[in-house]
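See structure below.
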Amino acid sequence: MRSLVVLADDRPCAPCAPLPPPQRPKGYCRPLPPARKKPKSVLWRRVRWVLVLTLLLGLGGGGAYTWLRTDWPDRIRNEVQLAIGEAGALVDLRVGDISVTGREHTPPDALLAAVEIERGDPILAVDLDAVRKRVEGLGWVKNAAVWRQLPDTLHIEIVEREPFARWQIDHQVRLIDRDGRVLDDDDRIEFAHLLRLVGPGASDQAAALIAMLESEPVLGRRVVNAIRVRERRWDIEFDNGVIAKLPEETPELAWRRLIELEQRHGLLRRDLESVDLRLDDRLIVKLMPEAVPPTTSTPAKKPAAKRT
106 MRSLVVLADD RPCAPCAPLP PPQRPKGYCR PLPPARKKPK SVLWRRVRWV LVLTLLLGLG
166 GGGAYTWLRT DWPDRIRNEV QLAIGEAGAL VDLRVGDISV TGREHTPPDA LLAAVEIERG
226 DPILAVDLDA VRKRVEGLGW VKNAAVWRQL PDTLHIEIVE REPFARWQID HQVRLIDRDG
286 RVLDDDDRIE FAHLLRLVGP GASDQAAALI AMLESEPVLG RRVVNAIRVR ERRWDIEFDN
346 GVIAKLPEET PELAWRRLIE LEQRHGLLRR DLESVDLRLD DRLIVKLMPE AVPPTTSTPA
406 KKPAAKRT
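Numbered continuously in this note's numbering, the sequence shown closes out at residue 413.
Okay, here's the thing in C-alpha cells:
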C-alpha cells in the first residue's frame, strides 16, 4: 500500500488558507433597523399647499395693485431716467441735432412743441416713449417712431394721415381723414378740391358717403357739398345748385335711382331746385322760381247790357 506523499508545493499557503469566521465579542447583539418616519396626514399637506397658494396670490395681487393703481412705476421710471440722464451729462452726452423724416403737412411749430426737447438737453434723459405719444397726438400724425443715435442725435420718423374731405361745422372748415379724425383747423387752399361735408355728425359718415358717390364717378364728381340733416340723412348738392334729398335708410338705392333718372331723362339738367328721393314709390321735384310759368289772368267779362 502506497503512502500519500505531499509535496511542499501542494501545501496551502497562509494567504490562501480559508480564514475562520470572526468571533463575536461577548455581549454582542444585532442592531435594530432604523425606525420609519410616520407619514404626514393628507389633510396637513392640503392645508400647507392652500396656505402657500394664498400667500403667493396675496403677494401677486398686492404687487399688481401697487403697480397698476399707484404712481410708483412712473416715479421709479422717472428716477431711473433722471439718474441715467445725469450720468450721460457727466460724459457730455447731450442733444445736438433732431432729425425729422416723413413730415409733409404737419406744421413744424406744432411738431417741435410736441417734442419738448431742446439742444443741450441730456440725451439719455429723453423719455422716448413719452415723446412718441406726444407726437402721435398731433392731428396729422398717424404713427411715429423715436430713437437715439449716440452721442448727440435724436431721430423722429412720422407717418402722416391722408386728407379725405373738408368738414364745415360752427362756420369753420376743418380737414378730416377717412375715419373722421380732424387733421387741421385751417381750410388750406391746396385741398379745396375735396368734398365739403356740412353739419354735425357728417365726419363720422364721410367714408360711407364718398364710397357711395364713387360708385358713379361721372355723377359723383359733380357733387360739391353734402349736408347732414339732423345727423340722420344727406342732402347732396350738385355743381348746378340742384339738391338731391336722400332717405335715412338705404340711401344707396336712392342714389342708384337718381343715376338711372339722369341717364334716361337728364333730370339734373333741368331747371330744378331740388329732387326728393325719400319715398320709394314717387319722385317729388321742385322747380326753380324763374322756371315756373307765370299764371295768366283771364280778363273779367263785361256784364251784359240791359235791354231797354
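Even for Gly, the Cβ is constructed at its ideal location relative to N, Cα and C.
Computed from a prediction, not measured in an experiment: that's the story for all the values here.
So which of the options has the shortest CA-CA distance to residue i?
{"i": "D344", "options": "G201, R361 and L324", "result": "L324"}
{"i": "L229", "options": "E336, T258, K238 and R362", "result": "T258"}
{"i": "H260", "options": "P268, L384 and I222", "result": "I222"}
{"i": "R293", "options": "W272, S308, Q310 and V303", "result": "W272"}
{"i": "R335", "options": "R326, Q310 and L161", "result": "Q310"}
{"i": "R387", "options": "P394, G371, A359 and D376", "result": "A359"}
{"i": "G306", "options": "A331, R383, P268 and G165", "result": "A331"}
{"i": "W252", "options": "D291, G165, V264 and S204", "result": "S204"}
{"i": "V200", "options": "R326, V220 and A312", "result": "V220"}
{"i": "S379", "options": "I389, A218 and G371", "result": "I389"}
{"i": "R333", "options": "E395, V157, R301 and R224", "result": "R301"}
{"i": "E295", "options": "R286, V287, V303 and F269", "result": "F269"}
{"i": "I263", "options": "R237, L255 and R286", "result": "R237"}
{"i": "A249", "options": "L216, R224, P256 and D381", "result": "L216"}
{"i": "L414", "options": "Q368, L351 and M393", "result": "What the structure shows of the chain is the stretch from 106 to 413, and residue 414 is not part of that stretch, so it cannot be assessed."}
{"i": "R239", "options": "G225, A218, R224 and P256", "result": "A218"}
{"i": "S320", "options": "R361, I341, V155 and L162", "result": "R361"}
{"i": "E265", "options": "L255, D340 and D282", "result": "D282"}
State buried or exposed for residue i, treating a residue as buried only when at least 16 other CB atoms are found within 10 Å of its CB.
{"i": "E353", "result": "exposed"}
{"i": "L280", "result": "buried"}
{"i": "A297", "result": "exposed"}
{"i": "P356", "result": "buried"}
{"i": "A316", "result": "exposed"}
{"i": "R374", "result": "exposed"}
{"i": "L198", "result": "buried"}
{"i": "V347", "result": "buried"}
{"i": "P227", "result": "buried"}
{"i": "D284", "result": "exposed"}
{"i": "R337", "result": "exposed"}
{"i": "E395", "result": "exposed"}
{"i": "W154", "result": "exposed"}
{"i": "L318", "result": "buried"}
{"i": "D214", "result": "exposed"}
{"i": "D385", "result": "exposed"}
Helix, strand or coil for residue i? Go by DSSP, reduced to three states.
{"i": "V334", "result": "strand"}
{"i": "F296", "result": "helix"}
{"i": "L388", "result": "coil"}
{"i": "V155", "result": "helix"}
{"i": "E395", "result": "helix"}
{"i": "L255", "result": "coil"}
{"i": "R266", "result": "coil"}
Identify the continuous beta strand (DSSP E) that holds residue i and give its terminal residues.
{"i": "E357", "result": "Not the beta strand (DSSP E): E357 falls in the alpha helix (DSSP H), residues P356 to H370."}
{"i": "D289", "result": "V287 to D289"}
{"i": "L302", "result": "R301 to V303"}
{"i": "L448", "result": "Absent from the model: residue 448. The displayed extent of the chain is 106 to 413, so no value can be given."}
{"i": "V205", "result": "D202 to T206"}
{"i": "A349", "result": "I348 to K350"}
Which two residues bound the contiguous alpha helix (DSSP H) that contains residue i?
{"i": "D381", "result": "Premise fails: D381 lies in the beta strand (DSSP E), L377 to D381, not in any alpha helix (DSSP H)."}
{"i": "A215", "result": "P213 to V220"}
{"i": "D234", "result": "L233 to E241"}
{"i": "V323", "result": "P322 to G325"}
{"i": "I228", "result": "Run containing I228: none; DSSP gives neither H nor E here."}
{"i": "L318", "result": "A311 to L318"}
If contact is defined by three or more beta carbon pairs under 8 Å, each pair taking one atom from either stretch, is the segment 241-250 in contact with the segment 195-212? yes
Using 8 Å as the Cβ pair cut-off and three pairs as the minimum, do the segment 265-283 and the segment 222-238 touch? no
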